[in-house]
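What follows is a single structure, written as structure tokens, with notes after it.
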Amino acid sequence: MKKVLILAIAALSVLAIVGYWGFQKLGGNAPIDIQLVENKPENLAGITYRGIPGNEELGKVFERMETQKGRHPGSYLHTIYEVEPAGKLDTMIVFVGINQTLPITDLEFRSFENGNYLLAKIKSNKWVMPSPDTVIEKLLEFAKENQLELSGVYIDKIISEEEVQVIAPIK
Numbered sequence: 076m077k078k079v080l081i082l083a084i085a086a087l088s089v090l091a092i093v094g095y096w097g098f099q100k101l102g103g104n105a106p107i108d109i110q111l112v113e114n115k116p117e118n119l120a121g122i123t124y125r126g127i128p129g130n131e132e133l134g135k136v137f138e139r140m141e142t143q144k145g146r147h148p149g150s151y152l153h154t155i156y157e158v159e160p161a162g163k164l165d166t167m168i169v170f171v172g173i174n175q176t177l178p179i180t181d182l183e184f185r186s187f188e189n190g191n192y193l194l195a196k197i198k199s200n201k202w203v204m205p206s207p208d209t210v211i212e213k214l215l216e217f218a219k220e221n222q223l224e225l226s227g228v229y230i231d232k233i234i235s236e237e238e239v240q241v242i243a244p245i246k
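This is the structure we're talking about:
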């Protein structure tokens, strides 16, 4: 019985060490780099989706904006979650767009009057990226430490599968 217990503890220990090593290799403990940018956030052209998260219409919105991104070199996909769903069947409101200086026909155009914003850079594998709540918490801490007041809008800028930037305009 003791041998089985010792083997089980050894196996669990090895699994824990390998799991932690894998988490680290994927960037699980990578710091969230936050900086103050003294400029207005970029203008966005896109589509607002209202509905449930699993609806295929949401996928079509992302596909359409990916196509627009391909037509406009140097642009990145952006999302603004105005109402986040609490569950799979709750209504969400999300704006999906690309950065553009001028409006694009048939797309909403959003510009931001805020003169400055905080920029959080997150670089890690999508499987171990910090949650949106964690990123917002870090942005709020940074703002408080620097006596800044955020507007409450958080714009996710998707650079790649392994890099996301969060833009938080300052009031």
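Numbering (the working numbering), first residue to last: 76 to 246.
Don't be surprised by glycine CBs; every beta carbon is placed ideally from N, CA and C.
Computed from a predicted structure; not experimentally measured.
With which residues is Ala120 paired in a DSSP beta bridge?
Start at 1 with the first residue of the sequence shown, and residue 120 comes out as number 45. Residue pairing of Ala120 in beta bridges, as defined by DSSP: Ile173 and Phe184.
Check the DSSP bridge columns for His153 and list the partner residues they point to.
Indexing the sequence shown from 1 puts residue 153 at position 78. DSSP, once it has assigned bridges, lists Gly172 and Lys232 as partnering His153.
Enclosing alpha helix (DSSP H) for Glu238 [first to last residue]:
Residue mapping note: residue 238 aligns to position 163 of the sequence shown, counting from 1. Unbroken run through Glu238 is the beta strand (DSSP E), Glu238 to Pro244; no alpha helix (DSSP H).
So which of Val79, Val112, Ala85 and Pro106 has the shortest CA-CA distance to Leu223?
Stepping through the sequence shown from its first residue, residue 223 is reached at position 148. The shortest C-alpha separation from Leu223 is found at Val112.
Where Leu119 falls, given that 16 or more other Cβ within 10 Å makes a residue buried:
Your numbering for residue 119 matches position 44 in the sequence shown. Buried.
Among the candidates Leu214, Ile230, Val171 and Gly126, whose CA atom is the shortest distance from the CA of Phe187?
Counting from 1 along the sequence shown, the entry for residue 187 is found at position 112. If you compare the alpha carbons of Leu214, Ile230, Val171 and Gly126 with that of Phe187, the shortest gap goes to Ile230.
Taking Ser226 and Asn189 to be in contact with their CB atoms under 8 Å, please state how far apart those CB atoms are, rounded to whole angstroms.
Counting from 1 along the sequence shown, the entry for residue 226 is found at position 151. Counting from 1 along the sequence shown, the entry for residue 189 is found at position 114. About 6 Å; that satisfies the 8 Å criterion.
Under the rule that 16 or more other beta-carbon atoms within 10 Å means buried, what is Ile173, buried or exposed?
For this step, residue 173 is matched to residue 98 along the sequence shown. Buried is the label assigned to Ile173, since at least 16 other Cβ atoms lie within 10 Å of its Cβ.
Using the DSSP secondary-structure output, state which residues sit across from Asp108 in a beta bridge.
In the sequence shown, residue 108 corresponds to position 33, counting from 1. Lys196.
Going by beta carbon distance, what residues of the same chain come within less than 8 Å of Ile234, once the five residues before and after it are set aside?
One-based indexing of the sequence shown puts residue 234 at position 159. Correct list, in chain order: Tyr151 and Gln240.
Rounded C-alpha distance that separates Gly121 from Tyr156:
Taking the sequence shown and counting its residues from 1, the one referred to as residue 121 is at position 46. Taking the sequence shown and counting its residues from 1, the one referred to as residue 156 is at position 81. Going from the Cα of Gly121 to the Cα of Tyr156 covers about 13 Å.
Can you tell which of Ile168, Thr142 and His153 has the C-alpha that lies nearest to the C-alpha of Ile242?
Along the sequence shown, read from residue 1 onward, the residue named residue 242 stands at position 167. Residue His153 is the option with its Cα nearest to Ile242.
Just to check my reading of the structure: Thr166 and Gly126 have Cβ atoms closer than 8 Å, yes? What is that Cβ distance to the nearest angstrom?
Looking up residue 166 in the sequence shown gives position 91. Looking up residue 126 in the sequence shown gives position 51. Correct: roughly 7 Å between the Cβ atoms.
Give me the Cα-Cα distance between Lys115 and Ile107, rounded to the nearest whole angstrom.
Within the sequence shown, numbered from 1, the residue matching residue 115 stands at position 40. Within the sequence shown, numbered from 1, the residue matching residue 107 stands at position 32. Looking at the two C-alpha atoms, the distance is approximately 21 Å.
Backbone secondary structure at Met76 - three-state DSSP:
Here residue 76 is taken as the residue at index 1 of the sequence shown, counted from 1. Note: Met76 maps to coil in three-state DSSP.
Give the range of the alpha helix (DSSP H) segment to which Pro207 is assigned.
Along the sequence shown, one-based indexing puts residue 207 at 132. Element bounds for Pro207: Pro207 to Glu220.
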